[in-house]
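Note that this note's numbering gives residue 62 to position 69 of the sequence shown, counting from 1, and the numbers run on in steps of one.
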Amino acid sequence: MDARYVVPLGQAAALSYRTGQGAPKVVAKGRGELARRIVELARENGVPVAQSPELVSLLMQVDIDKQIPESLYRAVAEVLVWAHALPAAAHPARTNHG
């Protein structure tokens, strides 16, 4: 399950999570134009985009390709549960990614 997070302040972070492969990882993050592109690519590929300013601020502190810290497990789990519960038509990429 992949998910992208964006806030109105122009920041975005992308997570990737695969069952059995440890905690979710931050796979992209950025501000300004890079944040806009992360969100654009997510939408083009049917990846759910959630808005959570507090979570994005914390995810921006995690290095790329690193697992999220345990302190973020609950917040990230809530968003991943939300994304997984969306109808398949809302994010067809889910069928491609697990």
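Note that CB positions come from ideal geometry on N, CA and C, so glycine has one too.
Closest in C-alpha terms to Arg11, from the list Asp(-5), Pro41, Val40, Ala78, comes Asp(-5). For Ala16, the three-state secondary structure derived from DSSP is coil.
For Val42, no alpha helix (DSSP H) encloses it; the enclosing beta strand (DSSP E) starts and ends at 42 to 44. Assigned with DSSP and collapsed to three states, Leu34 falls in helix. Shown here, Leu79 sits in coil according to DSSP, grouped into three states, outside any helix or strand. For Leu8, the enclosing beta strand (DSSP E) stretches over residues 4 to 9. Between Lys18 and the set Trp75, Gln54, His77, the nearest pair of CA atoms involves Gln54.
Ranked by how close their Cα comes to the Cα of Glu63, the residues Trp75, Gly15, Ala6 have Gly15 in first place.
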